[in-house]
Amino acid sequence: MIKQQDIAKFKEIINTDMNRLGLSSLHYVLFDETKRLPWAIHLFWKDGTFKVNMRDERSYVLSKTWEFDDFETAKTFFLQKNIDFVALNKRRVTRKEYSLYPSPLWDKTDD
1 MIKQQDIAKF
11 KEIINTDMNR
21 LGLSSLHYVL
31 FDETKRLPWA
41 IHLFWKDGTF
51 KVNMRDERSY
61 VLSKTWEFDD
71 FETAKTFFLQ
81 KNIDFVALNK
91 RRVTRKEYSL
101 YPSPLWDKTD
111 D
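Per UniProt numbering, residue 1 is the first one in the sequence shown, and the count goes up by one each step.
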């Protein structure tokens, strides 16, 4: 069973990594599966496993929820999903398509 102090430590670790990777402006939610932030990547604990999923603009789960037995594997997957999300939106902007939401990580600033 994960304790509240474990969750607080996990949040701190992930937030530190997100800041280090320059991803802190992204929509992401840690350990609150009920939060309805559009286009957020979620990492949470439920039924004895760490879970990662992505939500759409109405906060419905996209694709599937991935499950992990340990925090390190879940964290690595979560961080990679965020990195991939930035790459996806950069491609969309390059192709003159709409990004899923505004972010300095992919919005053009020279217009």
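All C-beta atoms in this analysis are idealised placements derived from N, C-alpha and C, irrespective of residue type, glycine included.
In this text the structure is predicted, and so the values were computed from the model without any measurement.
Legend entry - Other residues of its chain near Asp111: CB distance less than 8 Å, five sequence neighbours each side excluded: The sequence position of residue 111 within the sequence shown is 111, counting from 1. Annotation note: pLDDT 46 at Asp111 (below 50); position unreliable, coordinate value reported separately. Excluding positions up to five away in sequence, the list is empty.
Inset, instruction - Confirm, please, whether the CB-CB distance from Ala74 to Phe44 is below 7 Å. - result: As a working note, residue 44 is residue 44 in the sequence shown. As a working note, residue 74 is residue 74 in the sequence shown. The answer is no: Cβ separation not under 7 Å.
Legend entry - Under 7 Å between C-beta atoms of Arg36 and Ser63: Counted from its first residue, the sequence shown places residue 36 at position 36. Counted from its first residue, the sequence shown places residue 63 at position 63. No, Cβ-Cβ distance for Arg36 and Ser63 is not below 7 Å.
Inset, instruction - Report the partner residues of His42 according to the DSSP bridge assignment. - result: The residue given as residue 42 occupies position 42 in the sequence shown. Answer by DSSP bridge pairing, in chain order: Val29 and Asn53.
Inset, instruction - Take the Cβ of Arg20 as the centre, count every other Cβ of all protein chains shown within 10 Å, and call the residue buried at 16 or more, exposed below. - result: Position 20 of the sequence shown, counted from the first residue, corresponds to residue 20. By the neighbour-count rule (16 or more Cβ atoms within 10 Å), Arg20 is not buried but exposed.
Legend entry - CB-CB length for Asp17 against Leu79, believed under 8 Å: Here the question's residue 17 lines up with position 17 in the sequence shown. Here the question's residue 79 lines up with position 79 in the sequence shown. Confirmed, about 6 Å.
Legend entry - Within 7 Å, strictly: CB atoms of Pro104 and Ser25: Locating residue 104 in the sequence shown gives position 104, where the first residue counts as 1. Locating residue 25 in the sequence shown gives position 25, where the first residue counts as 1. Yes, they are a contact pair.
Legend entry - With 16 other Cβ atoms within 10 Å as the buried cut-off, status of Arg91: Locating residue 91 in the sequence shown gives position 91, where the first residue counts as 1. The residue is exposed, with fewer than 16 neighbouring Cβ atoms inside 10 Å.
Inset, instruction - Please determine, among Glu72, Thr94 and Pro38, the residue with the shortest C-alpha to C-alpha distance to Asp6. - result: Reading the sequence shown from its first residue, position 6 is the one you call residue 6. Ranking Glu72, Thr94 and Pro38 by Cα distance to Asp6 puts Glu72 first.
Inset, instruction - Return the CA-CA distance between Asp107 and Lys9, expressed in angstroms with no decimal places. - result: Position 107 of the sequence shown, counting from 1, holds the residue named residue 107. Position 9 of the sequence shown, counting from 1, holds the residue named residue 9. Approximately 32 Å, taken between the alpha carbons.
Inset, instruction - Hey, could you find the ends of the alpha helix (DSSP H) Leu79 is sitting in? - result: Looking up residue 79 in the sequence shown gives position 79. Leu79 -> alpha helix (DSSP H) spans Phe71 to Thr94.
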